[in-house]
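Chemist: Can you read through this structure? Questions will come right after.
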Amino acid sequence: MLKGLLLHVISKLQKSRSASGAVHILKGKRSAQTIQDIELFQLNQWAGAARCWKGKDLAALAEQLYNEKMITGDNRRSAVTDKGYHLLKQTAWMNELYFQGREYEWTGFAEVFWRKLNLTVQAAGSLASTNRGFLPVYAEADERDAVRSIIKRAGSRRVNRLIYEKLDQELRQLPDKSALIFVSRLAGNQSQGKTVKQLAGSMPEEEVYLRWRSVIHQLMSTEWPEEFLPLISHVKQQSALTNSAVKTRALVMNGKSKDEIAAERGLKSSTVEDHLVELAMFDSAFPAARYIPSEKLKELTVILQDAGQQASLKDIKETAGDKGSYFDIRLAGALMKNRKEGKL
Amino acid sequence: MNAKELLQGTPFKEFRPGQENVVTSILNGRDTLAVLPTGSGKTLCYQLPAGILPGLTIVVSPLVSLMDDQVTQLKMNGFQKAAALHGNKQPEEKKRIWQQLSQLKLLYVSPEMLAVDKIKQRLQKLTVSLLVVDEAHCISQWGHEFRPDYKSLGEVREELGNPVLLALTATASELVRTDIASSLRLHHPLIEAHSVNRENIFIAIERMNEPTSRQQHLLKLVAASAKPCIIYTGTRRDAEVWSSLYKGPSAFYHGGMNAEDRNSIQGQFLYNEIDVLFATSAFGMGINKPDVRTVVHGYMPASVEQYVQEIGRAGRDGNRAIAHAVVADRDMMLPWHFVEMEIPGTDWMRNVLLPAAEANKDLTQVVEDAAFAEHTASLLISRFNENNREKTGQEIVEALIQQFDKRRQERAEQIRQITTLCNSTSCYRKQILSYFEEVPYSAEENCCSNCHANPHIESLPPRQRSVDNWQELLKNKLHIGAG
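These protein sequences, in sequence, are chains A and B. For any residue, its number in the numbering used here is found by taking its place in the first sequence, counting from 1, and adding 1004. For any residue, its number in the numbering used here is found by taking its place in the second sequence, counting from 1, and adding 35.
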């Protein structure tokens, strides 16, 4: 599954990245290299598209593409073969999708929205019937609260009518294929949603999945009646940072060092490094000097500028030698990007 | 208040055999050991007292994956103040449960959680009126799934201020009962024991010499069987493959699927949107579906206990149902394979686990890589945690090896017993009853395939075929225009 999409992303990387670079983009890896690649190769649409997948499975899929001779190359650069391009031709439907990976998948917003929406439909449908008890679909505690508050405030009858009108109106504007997949995924009165696998029959599982997610993105991009604001409130609340990075940020602002943060939060040092890079990239208040001496930063910035944007982290590390660790280089890269966008 | 009055306000109209005695005994403050067969409504036995006793009822359950289902089921039946606390919960969720603890009436916990001092201390501050030990046979090494963490529950009970204790199990021989009573320090308990026998279930076992033709045979059998029908497959792969080969709507269910998909399939089966389900034994314990007409075992089960428990998911409504098992000689390999997954080998313990522990490696990863069953993994890790720091790694490993050797012998015995049952030419019901040390007898009609011909059982009428028009489907989901 997602074979066509992975191949598509590899082709977009223009023979300058490995297949695992493509996997990182789809998985939504929060590293400077991946974030840079997304911008450089204009892959915002698919960034984080496979966030809910296991990294292991995606890596196996890349391996499979090699074995089937869809792609060639080494662990630095992969290229799509003629056989691969032949397969890509069959995935033209992908271009018609309203899929907004960077905005809704990378951030995890789509998944949260889906769980809340699904539970709302299920609750509103079940409460409208005589058989009010139901086996609730999976949702986190705060998501359940959000749905409960919607129903409590507006009343289940009103919620039922409004959500029907809203979904009916939006789905009418989409291909019937997509609308049917989306509605079949929903739980409702005395009815559970079908799984993606169950819906894959006349079309590949990959297409079912991406069409379903596209409808979610489409719905998220529209205006929702006031009664349903708790469905999308999480989108506004969060910044570009991951939840865990926000917690690290609090310690950064308290003047803690990298090791102190790792100890205090019980995280691996490499995870804290990822957070620091993320902060360096998005947070204009990030106190960079504490984590990289200004001399070192200057030296690495020069190396990074000389290398140009196409260079991979590995190449740069080779050039830099002892002048900086991988972390130093990532941090310098992130700070450069942050400055360029005028945030610093 | 008497037990009957408690039923008002619940969806239950009357007690099933055993329930009323158990509830009354608990309300009278008497320790109780209830041996009630699967499907006889054990949950109700503590749900009703939990609702009116002051403070909290704690339910210890060994099956983490089941706890959330049980909470869901309670909430579906209108009992809202329940939660489950186990190692697989997100930290945020755990925090939330702790904050709401004083408002809860019923809390499910895993035995591992109760072994943690911090958790015990917090529970000690509350009024605990009732301690329920579910699957209590796990406490006895004579039972079929001995869980060492259960051993300390007698102590935990005292630390919680000696609440009334209810021990629940579906099957327990005399020996296991005595063991449970002494381990949990029960005071003059009421022992409410009901037979494992389910007279409305016809027991059919077929032996196949030619295991290669089994798949075809099974698919035909399922097609001809009364629906809803659960087919237990030995492996995840068989669940997927058989479901894809079955002509007609069906689905598969196994532990390798994500939570959302599992929930979805479970719900579709519950609501009769699908009436044929190919599943591994991971399926079907938490959610009560009363109208299952057929349970098929497509392989030889791992033990008589497991077999009886799984066929017990048929006919919970008391109406006639049938249990088929299709077994072949080489099926014995499969239970042995599970034994290997469940019980780590001595070589692995000495040559992989011990060196890793001594090198202070991340044991969670080492254990995960070895892909053992869930409770084996948690047992291995908990043995190495802080509680055991006074022992050397070698001592811990050698103690575990001894324990595992014993367990392996027990499993061998269980496999021998189920093989004997499957190969038998005399009444299956009789043999099952004598296995559980009950008075053996055969049913006069519709007993088993060694006594009588297979009965005809009516399928539940299938639900309307699914619509392929999204507007129509959306209306159905939201119950719009249905009057």
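By construction, the Cβ of each residue, glycine as well, lies at the ideal position given by its N, Cα and C atoms. From a predicted model like this one, the values you see are computed outputs, not experimental measurements.
So, is A:Lys1093 buried or exposed, given that buried needs 16 or more other C-beta atoms within 10 angstroms?
Modeler: Exposed, since its Cβ has fewer than 16 Cβ neighbours within 10 Å.
Chemist: Curious, which full-length alpha helix (DSSP H) runs of at least 4 residues does the stretch 202-263 of chain B contain?
Modeler: Correct list: 209-218, 249-259.
Chemist: Keeping to the same chain, check which residues put their C-beta closer than 7 Å to that of B:Tyr463; ignore five residues upstream and five downstream.
Modeler: Ile238, Ile240, Leu456, Cys483, Asn485, listed in sequence order.
Chemist: Name, please, each residue of chain B whose Cβ falls closer than 9 Å to the Cβ of A:Val1141.
Modeler: Those are Glu295, Asn298, Ser299, Gly302, listed as they occur along chain B.
Chemist: Name the chain B residues whose beta carbon is nearer than 8 Å to that of A:Asp1193?
Modeler: Per the sequence shown, the amino acid found at residue 1193 of chain A is Asn instead of Asp. Chain B residues near A:Asn1193: Asn511, Lys512, Leu513, His514.
Chemist: For B:Leu495, which of helix, strand or coil comes out of DSSP?
Modeler: Here B:Leu495 sits in coil by DSSP.
Chemist: Does the beta carbon of A:Leu1335 sit closer than 9 Å to a beta carbon anywhere in chain B?
Modeler: Cβ-Cβ to chain B under 9 Å: no for A:Leu1335.
Chemist: Name the chain B residues that come within less than 8 Å of A:Gln1314, Cβ to Cβ?
Modeler: Simply none; closest approach about 36 Å.
Chemist: Report the three-state DSSP secondary structure of B:Ala119 (helix, strand or coil).
Modeler: DSSP places B:Ala119 in strand when its eight states are reduced to three.
Chemist: So is A:Lys1060 buried or exposed if we call it buried at 16+ other beta carbons inside 10 Å?
Modeler: Exposed, because fewer than 16 other Cβ atoms sit within 10 Å of the Cβ of A:Lys1060.
Chemist: The alpha helix (DSSP H) that contains B:His172, what's its start and end?
Modeler: Careful: B:His172 lies outside any alpha helix (DSSP H) and carries neither H nor E.
Chemist: Residues of the stretch 122-152 of chain B with a CB closer than 8 Å to any CB of chain A: list them in chain order, please.
Modeler: Result list: Gln125, Glu127, Glu128, Arg131.
Chemist: Sort A:Phe1117, A:Asp1172, A:Met1005 by Cα distance to A:Ala1064 and report the nearest one.
Modeler: Out of A:Phe1117, A:Asp1172, A:Met1005, A:Met1005 has the C-alpha closest to the C-alpha of A:Ala1064.
Chemist: Any idea if B:Gln341 is buried or exposed, counting beta-carbon neighbours within 10 angstroms, 16 or more meaning buried?
Modeler: B:Gln341 is buried by the Cβ-count criterion.
Chemist: Please list, in chain order, the chain A residues whose beta carbon lies closer than 9 Å to that of B:Asn112.
Modeler: Neighbours of B:Asn112 on chain A, chain order: Gly1137.
Chemist: Does the distance from the C-beta atom of B:Ala228 to that of B:Ala202 stay below 9 Å?
Modeler: No, the pair does not count as a contact, with Cβ atoms beyond the cut-off.
Chemist: Three-state secondary structure (DSSP) at A:Gly1270?
Modeler: Coil, per DSSP.
Chemist: Give every residue of the same chain whose Cβ lies closer than 7 Å to the Cβ of A:Ala1054, excluding the five residues on either side of it in the sequence, and list them in chain order.
Modeler: Cβ within range, chain order: Leu1006, Leu1030, Lys1031, Leu1062.
Chemist: Throw me the rounded Cβ distance for the A:Ala1191 and A:Gln1126 pair, which I believe falls under 8 Å.
Modeler: Right, their Cβ atoms sit about 4 Å apart.
Chemist: May I have the straight-line CA-CA distance separating B:Lys48 from A:Thr1134, to the nearest angstrom?
Modeler: Whole-angstrom Cα-Cα distance: 18 Å.
Chemist: Taking only runs of the alpha helix (DSSP H) that begin and end inside the stretch 335-360 of chain B, which ones reach a length of at least 4 residues, in chain order?
Modeler: Fully enclosed alpha helix (DSSP H) runs of 4 or longer: 339-346.
Chemist: Quick one: give me the first and last residue of the beta strand (DSSP E) that B:Tyr521 is part of.
Modeler: There is simply no residue 521 of chain B to check, as chain B begins at 36 and stops at 518 in what is shown.
Chemist: Please work out which residues of its chain come closer than 8 Å, Cβ to Cβ, to B:Gln159, disregarding the five sequence neighbours upstream and downstream, and give them in chain order.
Modeler: Contacts found: Glu194, Leu195, Gly196.
Chemist: Provide the residue span of the alpha helix (DSSP H) that contains B:Ala69, from first to last.
Modeler: No alpha helix (DSSP H) contains B:Ala69, which is instead part of the beta strand (DSSP E) from 67-70.
Chemist: What is the rounded straight-line gap between the Cα of A:Lys1341 and the Cα of A:Asp1287?
Modeler: One C-alpha to the other measures close to 11 Å.
Chemist: Looking at C-alpha atoms only, which residue of A:Pro1234, A:Leu1123, A:Arg1136 is the closest neighbour of A:Ser1153?
Modeler: Closest option to A:Ser1153, Cα to Cα, is A:Pro1234.
Chemist: Taking buried to mean at least 16 other C-beta atoms within 10 Å of its own C-beta, is B:Ala360 buried or exposed?
Modeler: Classification of B:Ala360: buried, given that the 10 Å Cβ count is 16 or more.
Chemist: Who are the near neighbours of B:Val502 in its chain, counting only those whose CB is closer than 6 Å to its CB and skipping five residues on each side?
Modeler: Counting only Cβ-Cβ distances below 6 Å, and skipping sequence neighbours, we find Leu508.
Chemist: Which residue's Cα is closest to the Cα of A:Thr1124: A:Ala1083, A:Asn1164, A:Glu1268?
Modeler: Comparing Cα-Cα distances from A:Thr1124 to each of A:Ala1083, A:Asn1164, A:Glu1268, the minimum goes to A:Asn1164.
Chemist: Can a CB atom of chain B be found closer than 9 Å to the CB of A:Leu1017?
Modeler: It does not: the Cβ of A:Leu1017 has no partner Cβ on chain B nearer than 9 Å.
Chemist: Using the DSSP secondary-structure output, state which residues sit across from A:Gly1077 in a beta bridge.
Modeler: The partner list for A:Gly1077 (beta bridge, DSSP) reads A:Ser1082.
Chemist: Can you tell which of B:Ile226, B:Asp397, B:Gly302, B:Val311 has its C-alpha closest to the C-alpha of B:Ser279?
Modeler: If we check each option's Cα against that of B:Ser279, B:Val311 comes out closest.
Chemist: Just reading off the alpha helix (DSSP H) that B:Ile93 is part of, what are its end residues?
Modeler: Note, B:Ile93: premise wrong, no alpha helix (DSSP H); beta strand (DSSP E) at 91-95.
Chemist: Under 6 Å Cβ to Cβ from A:Lys1347, same chain only, skipping five residues before and after it: list those, please.
Modeler: Residue placement at A:Lys1347 is poorly supported in this model, since its pLDDT is 40, which falls under 50; the coordinates still yield a value, given next. Ser1288.
Chemist: Identify the contact partners of A:Val1125 in chain B, using a Cβ-Cβ distance below 9 Å as the criterion.
Modeler: Neighbours of A:Val1125 on chain B, chain order: Leu509, Lys512, Leu513.
Chemist: Leaving aside the five residues before and after A:Lys1016 along the sequence, list all residues of the same chain whose C-beta is less than 7 Å from its C-beta, in chain order.
Modeler: Hits under 7 Å: Phe1045, Leu1047.
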